[in-house]
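According to this note's numbering, numbering within the sequence shown proceeds without interruption in unit steps and concludes at 243.
To keep things clear, I will list the structure first and then write my remarks on it.
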Amino acid sequence: MEVLLGTAAAVLIGAVAYTLFSRRARGATVAPAATPAAVEPHRPDIRAVKRGDAITFWNGTDATVLGRASCRETIRGRSTVWEWIFLSRDRVLEVLPTGMALYDGQAVAQQGSALYEMLVGAGGALKRFEGNVREGIAHEPIHVDIDETRFRVRATGTFLGQVEGEPHDDAREVWSSMSTNADENVYFKMVEATDEEGGAIALGIWTSHILILLGRRIARDEISDILAAG
């Protein structure tokens, strides 16, 4: 697998992506509404959650912690660590040093599929983004259309990760295929092309296949409580 260090080029994946995410459109749990600014909620330590714990969101919905992927990216000797926490109902909570995101839809692009090739094949979105970075024109947008939403590739990187607990069934092979060589584990991030605050975001994780997650950024206040497993 080549290391990709870029971001973005206009790629239309329309019907393929819509089919992959049609299950999300029919049955996904809606992400919690934003917390009113006047309320001062309890701020639990999100990184301390363990398998079996329950997370309560601001809107009263709950999610059970199934496991996590603890990850690290090192660039020029400087490391950044984060967590991808696997939740019930096929949700993933991303906990970064700079904030959080909740992904409530996911699908896997298998090697050789049209979506896989459009993302990472020759002339695919990530290859074009990488080319833009090499040429010093990374500001030129590269777009990918998923579920009638246009995303702009914003960043890519490589990482090391350790999985604990149980990943979601559909994504199990992607997580279990993480290599001890960081160059073999690629992530990429996309934001809604409109750049509107609170817009949709997407996360891709490429190991054996590509796991694609759709969601939005959430504020810390949107997690109201953590109930430890008995």
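Note that beta-carbon positions come from the ideal geometry of N, C-alpha and C, so glycine has one too.
Contact set for G134: own chain, Cβ-Cβ below 8 angstroms, skip 5 residues either direction: K140
Reference I231, options I218, E210, C84, closest by Cα: E210
Endpoints, the alpha helix (DSSP H) within which V187 is located: Unbroken alpha helix (DSSP H) run through V187: 185 to 189.
Whole-angstrom C-beta distance between A67 and D58, which should lie under 8 angstroms: Incorrect: roughly 15 angstroms between the Cβ atoms, too far for contact.
Length of the line joining the Cα atoms of T171 and G149: Looking at the two C-alpha atoms, the distance is approximately 20 angstroms.
Local Cβ density within 10 Å of D158, reported as buried at 16 or more and exposed below that: It counts as buried.
Distance between S221 and Q124 (C-alpha atoms, nearest Å): 7 angstroms
From S126, V146, D183, A138, residue whose alpha carbon lies closest to that of R104: D183
Of the residues T162, H156, W97, the one placed nearest Y200, counting alpha carbons only: W97
Whole-number beta carbon distance between G212 and L132, since they are thought to touch under 8 angstroms: That pair is no contact at about 20 angstroms.
Nonlocal neighbours in the same chain, by C-beta distance under 8 angstroms from R229, ignoring five residues either side: A44, A114, L115, G211, G212, A213, I214
Spatial distance of S190 from T111 (CA atoms): 27 angstroms
Residue(s) in a DSSP beta bridge with G178: G80
Per-residue DSSP class, three states only, for A172: For clarity, residue 172 is Phe in the given sequence; the question names Ala instead. Residue state for F172 is assigned as coil, using DSSP reduced to three classes.
C-beta contact flag for I225 and V108 at 9 angstroms: Taking 9 angstroms as the Cβ cut-off, I225 and V108 do not qualify as a contacting pair.
Where the alpha helix (DSSP H) through K202 begins and ends: Element bounds for K202: not the alpha helix (DSSP H) but the beta strand (DSSP E), 199 to 205.
Beta-carbon separation (whole angstroms), L173 vs N198, contact threshold 8 angstroms: 7 angstroms
Where the alpha helix (DSSP H) containing R147 begins and where it ends: 138 to 147
Spatially closest choice to W95 from S101, H156, S237, R85, by CA coordinates: It is R85 whose Cα lies nearest to the Cα of W95.
Minimum C-alpha distance to W219 - residue among R185, L100, V204, P154: R185
Per-residue burial, E153 [other beta carbons within 10 Å of its own, 16 or more giving buried]: So E153 counts as exposed.
Terminal residues of the alpha helix (DSSP H) in which V133 lies: 127 to 133
CB contact flag (P180, F70, <9 angstroms): no
Other residues of its chain near S92: CB distance less than 6 angstroms, five sequence neighbours each side excluded: R85
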